[in-house]
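Q: All letters in the sequence shown, in the order written, are residues 1 to 274 by the UniProt record's numbering. The C-beta atom is built at its ideal place from N, Cα and C for all residues, glycine as well. Bear in mind that the values here come from a model prediction, so they are computed numbers and not experimental data. One structure, as structure tokens, below. Some questions next.
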Amino acid sequence: SQKETLAALCDTFIPSLNDAETTEVVRSHLSMAAGENKDLSNVGAETVAFCRLSASQMGVPEAVEATLRNHAPPDAAAELGLVLTAISSRGGMLAIGAVPQAFASLDRPGREAVLDLPTPGLQQSARSLIVLKAFSGGGGMATWSLLGYAGPEPPERVAAARQAAGRTEHIFQIINSSITADTSLDFDAVVIGSGCGGAVAAAELACADHRVLVLEKGKYFSLSEMSGVEGEALDQLYERGGIVSTEDTWPGSPGRWDLWRRLSCEFGWLPEAS
């Protein structure tokens, strides 16, 4: 099935390491930690535990599936679905020049060999998204202790520090709900986008007593709604969950999509285009 194949694909990019690989990683990490004068008492055990984690154990397949469902361009999600369908079958694997065996049934070296094939869209469609979901969401938390990071401060501690510093949260006046017909508005400046650039410009102008209108596509989030976890921030604050920078570099570009469509038609996975 597609789910089984997606899990196998994720575990190929981020596998549970074997003993030899784990030993090498532990040796390297201990060496770096010693050079930084860190407490080494738990470094070995924490590193071993992390090396034994696979993408599936970190919940990466489910996170990738949710991202494709909620954020990916339709053609890109369709292409990756075709890829998963193709490599789920013996015929599809044979068609891409691999062994006639379902991808999920191969051992790790066998799956890695398939990924090394010049197959359009296979690595490009999956690798970046899998790695992003592994280390920005719940899986990323497994690396925090190794990096010496305690995690985001609890919201109540953040609020207390902000109050002690005299920094109150600015509450924007949201005018969308109050406009019900064509309206003329007068402002000194219009800022498009409230990101790190637009927000600073708007704040400086407002502090200088200018009337500023900020046009923002995204939902407004108050500080209390922000967890400090990168994966949640990507889903909430970035266009399409932060996975698409430009559509012409997404794997659903015309050349690769056409190849997979022809392959799918040949094997009866999709009807011929009219």
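Work out the CA separation of GLU65 and THR22 for me, nearest whole Å.
A: The alpha-carbon atoms of THR22 and GLU65 are separated by roughly 29 Å.
Q: Which residue marks the beginning of the beta strand (DSSP E) containing ALA189, and which one marks its end?
A: 189–192
Q: Given a cut-off of 9 Å on the beta-carbon distance, is the pair LEU146 and GLU230 in contact?
A: no
Q: Please report the residue range of the alpha helix (DSSP H) in which LEU215 lies.
A: Per DSSP, LEU215 belongs to no alpha helix (DSSP H); it is in the beta strand (DSSP E), 212–215.
Q: Terminal residues of the continuous alpha helix (DSSP H) containing THR168?
A: Unbroken run through THR168: none, as it is neither H nor E.
Q: Which runs of the alpha helix (DSSP H) spanning at least 4 residues fall entirely within the region 54–138, listed in chain order?
A: 60–70, 74–87, 90–95, 108–115, 122–136
Q: Do ALA203 and ALA189 have their C-beta atoms within less than 9 Å of each other?
A: Cβ atoms of ALA203 and ALA189: not closer than 9 Å.
Q: Applying the 10 Å Cβ sphere with the 16-neighbour rule, what's the burial state of ALA7?
A: buried
Q: Measure the Cβ-Cβ separation of LYS133 and THR183 and say whether it is below 9 Å.
A: no
Q: Is the separation between the beta-carbon of ARG108 and that of PRO15 shorter than 9 Å?
A: When the beta-carbon positions are compared, ARG108 and PRO15 come within less than 9 Å of each other.
Q: Suppose you measure from the CA of ARG52 to the CA of THR12; what does that come to, to the nearest Å?
A: 13 Å
Q: Are the CB atoms of GLU153 and SER222 nearer to each other than 9 Å?
A: no
Q: Can you have a look at MET93 and say buried or exposed, based on whether 16 or more other CB atoms are within 10 angstroms of its CB?
A: buried
Q: Quick check: what's the CA-CA separation for SER274 versus SER89?
A: No answer about SER274 holds up, because its pLDDT of 33 lies below 50 and its placement is not dependable.
Q: Roughly how many angstroms separate the alpha carbons of LYS217 and GLN173, rounded to a whole number?
A: 15 Å
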